[in-house]
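Each step along the sequence shown adds one to the number in this note's numbering, with nothing skipped, and position 104 is 124.
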Amino acid sequence: MEWSKAKSILIFLFAILNIFLLSSILWNESRSRPGADYIKHVENLLESRNIRIECKVPSYSADSGSVVYSDTSIDETSVVDYFLGHDAADAGTGEKVWRNDGKVLEIGNNIIVFKDSSPDTGLDIGDSRAVSAELMKVLKGLGMKQKDYVPDVWQEQDGRLHVRYVKKYMGQLLFDVYADFIVSSGGIECAAIVPGEVNHTLAESEILSAWHILALAKIRENSVITDICFGYKRINEGELYDSPVWRIRFSDGSELFYNAYTGEEAAIGNT
21 MEWSKAKSIL IFLFAILNIF LLSSILWNES RSRPGADYIK HVENLLESRN IRIECKVPSY
81 SADSGSVVYS DTSIDETSVV DYFLGHDAAD AGTGEKVWRN DGKVLEIGNN IIVFKDSSPD
141 TGLDIGDSRA VSAELMKVLK GLGMKQKDYV PDVWQEQDGR LHVRYVKKYM GQLLFDVYAD
201 FIVSSGGIEC AAIVPGEVNH TLAESEILSA WHILALAKIR ENSVITDICF GYKRINEGEL
261 YDSPVWRIRF SDGSELFYNA YTGEEAAIGN T
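Right under this line is the structure:
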């Protein structure tokens, strides 16, 4: 009986040791582009923690720099005219808020927020083409290039549809330049739009691959990964640029961002 218990303990310890050694190999692996053996090591590590990947792991591996945005201002007159028309009245509070016929528009620091308490344009939220056409019309009306934006979130809940479009730069996502919409059968109930134009990039350097991030990331056990993508995001408050990051999205809708240079988790949580 004692020997049986001892064997069980030894098997457990060997299993822990194997996981530790595998983790050590992955942590100390060079930053070079991962080969088949490295990928297999990562897959084994994830499997040992019951972490499933239900998406394609990107092969993107180009050197990348941080992106710096142009210092441009929002054309308030054009935005007000588009959303509310020429008859919109300033709220008179000293803030940039306008109201007209149950609609409210607020222009803040590089963000446009529009709300309509009772939209009446009529829209079938089950028709993705019709919804997309309506939302693209908003971007066009605000002078934004529709082809630069791609859908990133498309989620229906409680009779409403949440859609997020994210801008792309050089084929990669600008996570902080987006257009969020809440749509019901009546039309657009809410829009939150953060514009942005990239001016230049700086300090190009080698990035970690998605497989390196998966090896280094402390992803909780029993997770299901549904999307992995590369892009740019401001990861420290006060910075004047967006850094290269990898985003991992999970089956519950939560997201984690990782510094593409170091593999460290960015403390910015969900967006």
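Each residue gets a CB set at the ideal place from its N, CA and C atoms; glycine is no exception.
Point to revise | N-terminal and C-terminal residue of the beta strand (DSSP E) that residue 193 is part of | key: Start at 1 with the first residue of the sequence shown, and residue 193 comes out as number 173. Per DSSP, residue 193 belongs to the beta strand (DSSP E) from 192-204.
Review point. Closest by CA to residue 266, which one among 80, 125 and 139?
Key: Here residue 266 refers to the residue found at position 246 when the sequence shown is read from its first residue. The option with the nearest alpha carbon to residue 266 is 80.
Exercise for review: Could you tell me if residue 256 is buried or exposed, where buried requires 16 or more neighbouring beta carbons within 10 angstroms of its beta carbon?
Suggested key: Locating residue 256 in the sequence shown gives position 236, where the first residue counts as 1. It counts as exposed.
Review point. Taking contact to mean at least 3 C-beta pairs separated by less than 8 Å, is the stretch 198-215 in contact with the stretch 60-72?
Key: no
Point to revise | Inter-residue Cα distance where the pair is residue 217 and residue 84 | key: If you number the sequence shown from 1, residue 217 lands on position 197. If you number the sequence shown from 1, residue 84 lands on position 64. Each residue's Cα considered, the two are about 18 Å apart.
Review point. Mapping DSSP to helix, strand and coil, what is residue 232?
Key: By 1-based counting over the sequence shown, the position of residue 232 is 212. DSSP places residue 232 in helix when its eight states are reduced to three.
Check your understanding: Would residue 227 pass as a contact of residue 280 if the rule is Cβ separation under 8 Å?
Key -> Taking the first residue of the sequence shown as position 1, residue 227 is located at position 207. Taking the first residue of the sequence shown as position 1, residue 280 is located at position 260. Their beta carbons are under 8 Å apart, which means residue 227 touches residue 280 by this criterion.
Practice item. Assign residue 238 to buried or exposed, taking buried as 16 or more other Cβ atoms, counted over all protein chains shown, within 10 Å of its Cβ. Key: Indexing the sequence shown from 1 puts residue 238 at position 218. Flag for residue 238 reads exposed.
Point to revise | C-alpha distance - residue 277 paired with residue 252, whole-angstrom precision | key: The residue labelled residue 277 in the question sits at position 257 within the sequence shown. The residue labelled residue 252 in the question sits at position 232 within the sequence shown. Answer to the nearest angstrom: the Cα atoms are 10 Å apart.
Review point. Where does residue 227 fall in DSSP's three states?
Key: Counting from one through the sequence shown, the residue named residue 227 turns up at place 207. Coil.
Check your understanding: Along the chain, which unbroken stretches of the beta strand (DSSP E) at least 3 residues long are found entirely within the stretch 240-271?
Key -> 244-253 and 263-270
Practice item. Report the three-state DSSP secondary structure of residue 209 (helix, strand or coil). Key: In the sequence shown, residue 209 corresponds to position 189, counting from 1. Strand at residue 209.
Point to revise | Among 137, 163, 231 and 96, nearest to residue 57 - alpha-carbon criterion | key: Taking the first residue of the sequence shown as 1, we reach residue 57 at position 37. Taking only the C-alpha atoms, the option nearest residue 57 is 231.
Check your understanding: Rounded to a whole number of angstroms, what is the C-alpha to C-alpha distance between residue 100 and residue 130?
Key -> Sequence index remark: in the sequence shown, residue 100 carries index 80 (1-based). Sequence index remark: in the sequence shown, residue 130 carries index 110 (1-based). Going by the C-alpha atoms only, they are around 15 Å apart.
Point to revise | Beta-carbon spacing of residue 116, residue 135 below 8 Å | key: Sequence index remark: in the sequence shown, residue 116 carries index 96 (1-based). Sequence index remark: in the sequence shown, residue 135 carries index 115 (1-based). Not in contact: residue 116 and residue 135 (Cβ atoms no closer than 8 Å).
Exercise for review: Please go through the same chain and pick out, in chain order, the residues whose beta-carbon is closer than 6 Å to the beta-carbon of residue 194, but skip the five residues on each side of it.
Suggested key: For the purposes of this step, residue 194 is taken as the residue at position 174 of the sequence shown. Cβ within range, chain order: 187 and 252.
Point to revise | Residue(s) in a DSSP beta bridge with residue 103 | key: In the sequence shown, counting from the first residue as 1, residue 103 sits at position 83. DSSP lists no partner for residue 103.
Exercise for review: Ignore the nearest five residues each way along the sequence and tell me which others in residue 180's own chain have a CB closer than 8 Å to its CB.
Suggested key: Translated into the one-based positions of the sequence shown, residue 180 becomes position 160. For residue 180, where only same-chain residues beyond five positions count, the Cβ hits under 8 Å are 145, 202, 203, 204 and 209.
Practice item. Within its chain, find whatever has a CB closer than 6 Å to the CB of residue 103; leave out the 5 residues flanking it on each side and keep chain order. Key: Locating residue 103 in the sequence shown gives position 83, where the first residue counts as 1. Around residue 103: 125 and 134.
Check your understanding: Quick one: Cα of residue 54 to Cα of residue 150, how far?
Key -> Along the sequence shown, one-based indexing puts residue 54 at 34. Along the sequence shown, one-based indexing puts residue 150 at 130. Cα to Cα, the separation comes out at about 42 Å.
Practice item. Please determine, among 260, 220, 270 and 235, the residue with the shortest C-alpha to C-alpha distance to residue 246. Key: The residue labelled residue 246 in the question sits at position 226 within the sequence shown. Nearest neighbour of residue 246 by Cα position, chosen from 260, 220, 270 and 235, turns out to be 270.
Review point. Between residue 274 and residue 86, is the Cβ-Cβ spacing less than 8 Å?
Key: For the purposes of this step, residue 274 is taken as residue 254 along the sequence shown, with counting starting at 1. For the purposes of this step, residue 86 is taken as residue 66 along the sequence shown, with counting starting at 1. No, the pair does not count as a contact, with Cβ atoms beyond the cut-off.
Check your understanding: Start and end of the alpha helix (DSSP H) containing residue 77?
Key -> Your numbering for residue 77 matches position 57 in the sequence shown. Residue 77 -> no alpha helix (DSSP H), and no H or E assigned at all.
Check your understanding: How many whole angstroms separate the CB atoms of residue 185 and residue 155, which I take to be in contact at a CB cut-off of 8 Å?
Key -> As a working mapping, residue 185 is identified with position 165 in the sequence shown. As a working mapping, residue 155 is identified with position 135 in the sequence shown. Indeed, because the Cβ distance is near 7 Å, the residues count as touching under 8 Å.
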